[in-house]
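Residue numbers (my numbering): 1 to 149. Glycine is no exception: its CB is placed at the ideal position from the N, C-alpha and C atoms. These figures come from a predicted structure and were not determined experimentally. Okay, so here's the structure we're looking at.
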């Protein structure tokens, strides 16, 4: 068994995830662990929630550690969003690693769940790294996670 020391996952959560990732059904996992499939489902759901929280925390920290951070409010169009990214990069002397159409496509792919008609429905936080990467984090904490472009 993999050690869970220093993680937010319990030993049981790791065991359930390991077996499920190995292709076992919930019932097979339940039989192996001597429990019910509904218990396996609950443990798996809790583990996935912990993994999501840890991933979001890491993305938030990566965004905050970027030398340039800024917030873009809900209601901003994607054209304006891309323009703001380049403007902030220029102000900081950072060359964005993507041409305008690539950046637009990447941002739209990441933020599609919080957009409507090419406009943001949620406030987002962006971070620009020294090498021109764009980190994205939503303030709402719901449907979009931070991403590295």
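| Query | Result |
| --- | --- |
| For residue 96, the three-state DSSP class (helix, strand or coil) | coil |
| Own chain, CB closer than 8 Å to residue 9, minus 5 neighbours either side, in chain order | 17, 47, 50, 51 |
| Rounded separation between residue 28 and residue 19 - CA only | 9 Å |
| Alpha carbon of residue 74 to alpha carbon of residue 129, nearest angstrom | 23 Å |
| For residue 5, three-class secondary structure by DSSP | coil |
| DSSP three-state assignment for residue 115, whether helix, strand or coil | strand |
| CB of residue 68 within 9 Å of CB of residue 42, strictly | no |
| Beta-carbon separation (whole angstroms), residue 61 vs residue 123, contact threshold 8 Å | Contact doesn't hold; Cβ gap of about 19 Å is too wide. |
| As assigned by DSSP and simplified to three states, the class of residue 132 | coil |
| Identity of the residue in 80, 88, 102 nearest residue 119 by Cα | 80 |
| Terminal residues of the alpha helix (DSSP H) in which residue 36 lies | Here residue 36 belongs to no alpha helix (DSSP H), and DSSP marks it neither H nor E. |
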